[in-house]
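The structure appears below as structure tokens.
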Amino acid sequence: MTAPHQPLLRVRDLSHHYPLPRQRLWGPRPQLQALRGVSFDLHAGRNLAIVGESGSGKSTLARLVMALDTPTAGSVQLLGRDLHRLPARQLRAARRDFQMVFQDPYGSLDPRQNIQAIVTEPLRALAPVGRAQLRERCAQVLHDVGLRSGDAGKYPHEFSGGQRQRIAIARALITRPRLIVADEPVSALDVSVQAQVLNLLLDLQQAHGITYLVISHDLAVVSHLCPDTLVLRQGEVVERGATQQLFTRPEHPYTQALLDAVPRLDPAPL
1423 MTAPHQPLLR VRDLSHHYPL PRQRLWGPRP QLQALRGVSF DLHAGRNLAI VGESGSGKST
1483 LARLVMALDT PTAGSVQLLG RDLHRLPARQ LRAARRDFQM VFQDPYGSLD PRQNIQAIVT
1543 EPLRALAPVG RAQLRERCAQ VLHDVGLRSG DAGKYPHEFS GGQRQRIAIA RALITRPRLI
1603 VADEPVSALD VSVQAQVLNL LLDLQQAHGI TYLVISHDLA VVSHLCPDTL VLRQGEVVER
1663 GATQQLFTRP EHPYTQALLD AVPRLDPAPL
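Here you go:
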């Protein structure tokens, strides 16, 4: 448990470089600096959005927080543990506390596995679990996301896009995490079901005490889910603040440019 004043997630001076192909055979290998000295705190129960245009470093930041990539510099601490300094066995155990919901509900689910195998995969990766317990835990999280326990024996192609994203959310829930990183969680869905999934995420937060780190370019999604927002531009933090204030009175020109780029429907003249 974290103390009331202690952040759930603490990111400090996080930087990451991607190596690029050499331009000359014996020349130095150039690097793309995807993140530059990013720092922020995320407190339990107070969702934070990371926004910015494509190439701003949002997805790189998500992968570093999830310990899927290793940073060039800086640290990611979850519940006081530096994830990138943990031995592999301890990191595997720590993954119980943080999971991820990916953008594409079609590509993130293995079409060759049934729903029970997909949903329980993170739980099975932690330690051996009996079949009866797997069935029970799978049925519970499917119920939590609005699906039936009988869906466990079906396959991804039998579900709609919105249902598949519910399955992806159930998979993230199975370990009872403290933190879920949601990378563009509704961008691949029809507009008609986006609100349903967003409301589901908020209901699950209330029921299970989850905190979300939301990666998004959709400012409407951010406004719905996150009281705080951090703006990334070319790998650097240019602004952070309360979402409502930041969207109504932005201080940085880049934030204003993001807001100006949001499509608006003008009423047709009579």
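Offset between the sequence shown (1-based) and my numbering: plus 1422. Ideal Cβ placement from N, Cα and C applies to all residues, glycine included.
Counting C-beta atoms within 10 angstroms of its own C-beta, residue 1440 has fewer than 16 neighbours from the protein chains shown and is therefore classed as exposed. DSSP places residue 1596 outside any beta strand (DSSP E), giving it a letter other than H or E. Nearest neighbour of residue 1673 by Cα position, chosen from 1501, 1653 and 1621, turns out to be 1653. The C-beta distance from residue 1590 to residue 1530 rounds to 6 Å, short enough to meet the 8 Å contact threshold.
When the alpha-carbon of residue 1618 is set against those of 1647, 1600, 1490 and 1467, the nearest one is in 1647.
Within the model, the alpha-carbon separation for residue 1679 versus residue 1637 is close to 18 Å. One Cα belongs to residue 1544, the other to residue 1624, and the distance between them is close to 22 Å. Put simply, the backbone Cα of residue 1548 is about 13 Å away from that of residue 1593.
The shortest CA-to-CA distance from residue 1434 to any of 1656, 1451, 1492 and 1460 is the one to 1460. In this structure residue 1492 is exposed. Its beta-carbon is surrounded by fewer than 16 other beta-carbon atoms within 10 angstroms. A check of alpha carbon separations from residue 1599 across 1537, 1577, 1532 and 1523 identifies 1523 as the nearest. Every beta strand (DSSP E) stretch that sits fully inside the stretch 1575-1656 and reaches 3 residues is listed by chain position as 1601-1605, 1633-1637 and 1650-1655. A distance below 7 Å between beta-carbons, with the five flanking residues on each side excluded, links residue 1495 to the following residues of its chain, in chain order: 1435 and 1437. 7 Å or more divides the Cβ of residue 1633 from the Cβ of residue 1501. The residue from 1684, 1656 and 1657 with its alpha-carbon nearest to that of residue 1669 is 1684. In the three-state reduction of the DSSP assignment, residue 1463 falls in the strand class, which pools E and B. Residue pairing from DSSP places residue 1520 in a beta bridge opposite 1601. Nearest C-alpha to residue 1478 among 1465, 1555 and 1454: 1454. Counting the other CB atoms within 10 Å of its CB gives residue 1604 a total of 16 or more, which places it among the buried residues. With contacts defined as CB atoms closer than 7 Å, residue 1521 and residue 1602 qualify as a contacting pair. DSSP places residue 1475 outside both helix and strand once states are collapsed to three, so it counts as coil.
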